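Visitor: If you want the working numbering, it's the 1-based position in the sequence shown plus 5. A virtual CB, placed ideally from N, CA and C, is assigned to each residue, including glycine. Small disclaimer: the values here were computed from a predicted structure and weren't measured.
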Amino acid sequence: MKFLVDAMLGKLTRFLRIFGYDTIYANELIDYFKIDPVPDEKLVDFANKNNRIIITKDYPLYNQNKDNVIFLSGEGIYNYLHYLNKEIGLNFKFNIKKARCSVCNSPLKRVVSKSSIKDYVLQDTYNNYNEFYQCSNLQCKKVYWQGSHIEDIEEKLDRFLE
Ligand SMILES: [Zn+2]
C-alpha cells in the first residue's frame with residue numbers, strides 16, 4: 006500500500022515512512038505541479054495514476070472520492086496511527102531494514118563502513134551504536150539507527166493499540 010498524505014499531516018508522513026510505508030506528502034508536489042496549494046483534483050488524479058491512497062483531514066476531498074481516500078478525524082499522531090491500524094490494518098512495528106527516509110521517502114541501505122558516516126551523527130551516537138543505515142538518495146544521505154527515540158514511539162503505540 007502506497008500513500009499520498011495531504012497538507013497539514015507532515016508528522017504522519019514522517020511516521021509512515023519510518024514504519025516502511027511508501028508515502029508522498031502533498032506539499033512535496035507543489036514544485037511538480039507549480040501550484041501552491043495543489044488543488045484537490047490534481048492530488049486525486051496523481052494518486053490514481055500512481056496507485057496511492059490519499060490520507061486527508063479535508064472532509065470535502067474525502068466525500069467526493071471515497072473509494073480512494075481515507076479521512077482522519079480528531080487530532081494527534083497516535084490517534085491517527087490507531088485509526089489506520091484499525092481501519093486498513095497498517096502495522097507499526099519498526100524494522101530498520103524496511104524503513105524509508107523520513108525526509109525524502111527513499112529506501113535506506115545498511116552502512117558497511119561505520120567511519121563513512123562519522124560526520125553525519127553526533128559523537129555520542131557514533132560511539133554508542135554499531136549498526137547504521139543511510140538514506141540511499143545521494144542528495145539526502147540522512148543516517149538512521151535503532152535508538153531510544155523509536156523505542157519510545159513503539160511503546161506509546163503499543164499502549165494506544167491495545
Ligand atoms: Zn532521504
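Assuming residue 40 and residue 48 form a contact by the criterion Cβ under 8 Å, report the distance between their Cβ atoms to the nearest whole angstrom.
Guide: No, residue 40 and residue 48 are not in contact; Cβ-Cβ is about 11 Å, not under 8 Å.
Visitor: When you compare each of 85, 122, 153 to residue 138 by their alpha carbons, which one comes out closest?
Guide: 122
Visitor: With a cut-off of 8 Å on the beta carbons, I'd call residue 64 and residue 51 a contact; round off their distance for me.
Guide: With a Cβ gap of about 20 Å, residue 64 and residue 51 do not count as contacting.
Visitor: According to the Cβ coordinates, are residue 62 and residue 6 closer than 8 Å?
Guide: no
Visitor: Can at least three beta-carbon pairs, one atom from the region 106-115 and one from the region 84-98, be found at a separation below 8 Å?
Guide: Too few Cβ pairs lie closer than 8 Å, so no.
Visitor: Would you check if the distance between the CB atom of residue 17 and the CB atom of residue 85 is smaller than 8 Å?
Guide: A contact, by the Cβ cut-off of 8 Å.
Visitor: Hey, residue 161 and residue 83: beta-carbon distance below 8 Å or not?
Guide: It is a contact, given that the beta carbons lie within the stated cut-off.
Visitor: One question on the structure: do residue 119 and residue 135 come within less than 8 Å of each other, judged by their Cβ atoms?
Guide: yes
Visitor: Spell out the partners DSSP gives residue 162 in its beta bridges.
Guide: In DSSP, residue 162 forms no bridge with anything.
Visitor: Would you please verify whether the beta carbon of residue 81 is less than 8 Å from any beta carbon of chain D?
Guide: Absent here is chain D; the protein component of the structure consists of one chain.
Visitor: Can you grab the Cα-Cα spacing for the pair residue 38 / residue 54, in whole Å?
Guide: Whole-angstrom Cα-Cα distance: 15 Å.
Visitor: Would you mind stating whether residue 67 and residue 104 have Cβ atoms separated by less than 8 Å?
Guide: no
Visitor: Are the beta-carbon atoms belonging to residue 22 and residue 141 less than 8 Å from one another?
Guide: no
Visitor: Bridge partners for residue 28 per DSSP, in chain order?
Guide: 8
Visitor: With which residues is residue 112 paired in a DSSP beta bridge?
Guide: 105
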